[in-house]
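For the sequence shown, our numbering begins at 524 and goes up steadily by one. No residue lacks a Cβ here, since even glycine has one placed at the ideal position from N, Cα and C. Remember, predicted model here, so these are calculated numbers, not experimental data. Read through the structure below, which is laid out as structure tokens, and then see the notes.
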Amino acid sequence: MTLHSSRFTIRPATPADVTHIHAMIVELAVFEKLEHMVVATEALLHEGLFGMRPACEAIIGEADGEVVTFALFFHNFSTFLTKKGLYLEDLYVRQAHRGQGYGSRMLEHLAGMAVERNCGRFEWSVLDWNEAAIDFYKAKGAEILPDWRICRVTGDALTALAK
């Protein structure tokens, strides 16, 4: 895949990027047909990334100074490996900037961070209907784990489970 002639850079997100990241989270939700699930606000995102106890980190990809992609990630832990891992929550490239290799560069950058941080794993989830993403990830060397399913408890069910 050939990058167009723009200058593409990757950097850690700053508080000034929260507006861009929030907008791309909404765009991602629309793409995934999950916009009804988005309750994120810029204030909550700022707290998660830059508050007293940050829960996650983000990187930004810029083409000629324009924010065109982001990745939000955090550390998890493998009991089998007894090492931390890097979990990619979301990677999104704005529609107008797809096909330029930016997603690949972001994924490679994150893999480099995982190696640098001595992580035992670099993981993420992909929707089963998103064949283009599945093919992309496989081409990057990712193994799609067929025997694992995500379990999630939210809202009233979470409250009930906590009782």
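Per-residue burial, R617 [other beta carbons within 10 Å of its own, 16 or more giving buried]
buried
Counted within 10 angstroms of its Cβ, other Cβ atoms place A586 as buried (16 or more) or exposed
buried
Sorted by chain position, which residues of the same chain lie with C-beta nearer than 7 Å to S529's C-beta, five sequence neighbours on each side aside?
A586 and D587
Residue environment, M524, which counts as buried when at least 16 other CB atoms sit within 10 Å:
Any reading at M524 must be qualified, since the residue scores a pLDDT of 34, below 50, and its modelled position is unreliable; the value itself is stated next. So M524 counts as exposed.
Identify every residue that forms a DSSP beta bridge with W671.
DSSP output for W671 lists no bridge partner at all.
Hey, M636 and L609 are a contact pair by Cβ (cut 8 Å); roughly how many whole angstroms apart?
6 Å
Determine the DSSP secondary structure at A563, reduced to helix, strand or coil.
coil
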